[in-house]
Amino acid sequence: MHEMTRVEELVRVLKKKGVRGKVRITIGHLEATQIMLEEVKECFEIATKNTDLEGSEIVFVPQPIRMKCNDCEAVFDVSFDDLPLRCPICRKDDCQLLEDDELSIIAVDTP
Ligand SMILES: [Zn+2]
């Protein structure tokens with residue numbers, strides 16, 4: 219299960235940061251990601267059950283996809299509507315994904 223692997227990774231990062239108790243975690247997800255956010259929430263509940271983080275809440279914030287042009291090295295944000303992709307500077311289509319983190323922790327708040 220793809221989502222569970224991602225969630226376990228997130229929980230590991232949170233523990234490493236020393237996050238404890240009921241917190242609100244703001245998570246950025248790529249706009250075009252195939253990841254199921256509802257499933258992420260469910261997996262998070264399962265992964266944190268009987269741990270320090272039990273009862274914590276997840277808030278999702280969509281993040282643009284960042285690309286880099288391999289030709290002129292311009293860095294730019296794209297959304298799903300921009301596909302097929304071209305560099306906004308040189309109009310070439312030789313671009314690569316710069317950040318492919320489907321889920322990333324943006325903030326952790328204690329309510
Ligand atoms: Zn370019």
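Residue numbers for the sequence shown follow the numbering used here, so the first one is 219 and each next one is one higher. Virtual Cβ for every residue (Gly too), placed ideally from N, Cα, C.
Point to revise | Continuous beta strand (DSSP E) stretch holding T244: start and end | key: 242–248
Check your understanding: Going along the chain, which residues of its own chain have a beta-carbon closer than 7 Å to the beta-carbon of L316, five neighbours each way excluded?
Key -> R284, M285, K286, V293
Exercise for review: Report whether the distance from the Cβ of D295 to the nearest heavy atom of ligand 1 is below 8 Å.
Suggested key: no
**Study point:** Of the listed residues D312, I253, V231, E249, nearest to I243 (C-alpha basis)
**Key:** V231
Check your understanding: Between which two residues does the alpha helix (DSSP H) carrying V225 extend?
Key -> 220–234
Point to revise | Cut-off 7 Å between Cβ atoms - residues of its own chain near A325, not counting five sequence neighbours on either side | key: T244
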